[in-house]
Every structure is written in C-alpha cells, then in structure tokens.
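Counted the way the working numbering counts, the sequence shown spans residues 5 to 140. Yeah, the Cβ is synthetic: ideal placement off N, Cα and C, and Gly gets one too. Here the structure comes first, spelled out in structure tokens, and everything after it is commentary.
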Amino acid sequence: MSCASIFSGATYFPPLVLSSSFFRPVIRTEHHLLGSLNVFGCHANDAFASLSIQDWKCFLRLRINASGLTLYPVGIRRVPRAWMRGTYAKGPVWVPDPADTRATAPELIENPIVIDPERATPVKVGVGLVSPERQH
C-alpha cells in the first residue's frame with residue numbers, strides 16, 4: 005500500500021508536517037529540559053517525566069483524620085511486567101504475577117509527613133485562604 009492510497013481520501017498538508025515551525029515548540033522544550041538538567045542540574049523530574057519510563061513510579065498516599073493530614077511518599081523501583089487475573093471477586097481484576105521476580109514491592113521513599121491541623125493555614129468556605137490579620 006502506497007502513501008498516496010493511504011491519504012487519498014483525507015486532506016493532507018505535507019508542508020505543515022515538514023515545516024520547522026510545526027516542531028519548534030517541541031524542540032525548544034526538549035532543549036530547555038536537556039540544558040537545565042545537564043548544565044544546571046535542575047528540572048530532573050520534568051525531564052524524566054517526558055520520557056515515559058515504565059519504572060521508578062512515585063505517588064503520595066494521603067490520610068486525613070482528626071489528628072491532621074499525613075502524607076506517605078511511596079515509590080516503586082521496578083513495576084511488574086507480567087500480570088495474572090485476580091482470584092477474588094472483590095479484589096483487583098489484575099494482580100502482579102508472582103513469577104515476575106524482578107518487580108519490586110512499593111516502599112516509602114522517605115518518612116511520612118504529618119501536618120498538624122493547628123499549624124495548617126486556615127481556610128474559610130467561599131473565602132479561601134485567610135491571612136492571620138483577618139482570622140477574627
């Protein structure tokens with residue numbers, strides 16, 4: 005099948021696709037991240053996030069209760085590559101295959117962070133953040 009037959013029914017603009025102005029924003033962003041990471045050592049999270057690397061995933065687990073907010077930073081070094089169907093009706097549909105021995109379990113990447121409700125910035129419904137002078 006030739007390219008002509010693929011695009012015969014559609015409007016196709018090769019000059020738009022091949023022009024440098026079409027790719028310029030992408031190239032600028034990539035060069036900015038590359039330079040920031042390699043020269044200045046900053047924006048590592050942004051630079052690596054755009055690569056869509058399967059491993060090294062991190063997220064925050066939140067626990068909100070009367071004693072405040074607790075943040076649990078959790079990370080997975082290597083995600084499972086093999087999955088199998090879950091066995092419990094109320095459990096997850098897909099679970100990691102135990103035969104995939106290279107996958108790592110989730111672990112805390114640093115100690116939990118506790119935010120005490122007395123130290124949190126006050127917020128009023130419909131008003132937003134309240135400055136210390138206006139707390140009355």
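query	result
Leaving out five residues before and five after ARG81 in sequence, what residues of the same chain have Cβ atoms less than 7 Å from its Cβ?	ASP59, TRP60, THR108
Bridge partners for THR74 per DSSP, in chain order?	ARG67, VAL118
What does the alpha-carbon distance come out to for the pair SER56 and TYR76?	23 Å
Going by the CB atoms, is the gap between ILE119 and CYS62 shorter than 8 Å?	no
Considering just the uninterrupted stretch of the beta strand (DSSP E) at VAL99, what are its terminal residues?	98 to 100
Classify LEU64 as buried or exposed, calling it buried when 16 or more other Cβ atoms lie within 10 Å of its own Cβ.	exposed
Could you name the residues of the same chain whose beta carbon sits closer than 8 Å to that of ARG85, not counting the 5 residues immediately before and after it, in chain order?	ASP104, ARG106, ALA107
According to DSSP, is GLY79 part of a helix, a strand, or is it coil?	strand
Which first and last residues belong to the beta strand (DSSP E) in which TRP87 is found?	87 to 89
Go ahead and label LEU38 buried or exposed: buried means 16 or more other beta carbons lie within 10 angstroms of its beta carbon, across all protein chains shown.	exposed
I believe VAL99 touches GLY90 by the beta-carbon criterion, under 8 Å. Please report the beta-carbon distance rounded to the nearest angstrom.	5 Å
When DSSP builds the beta bridges, which residues end up paired with LEU112?	VAL78
Please name the residue in GLY95, ARG123, PRO116, HIS36 whose C-alpha comes closest to that of THR74.	PRO116
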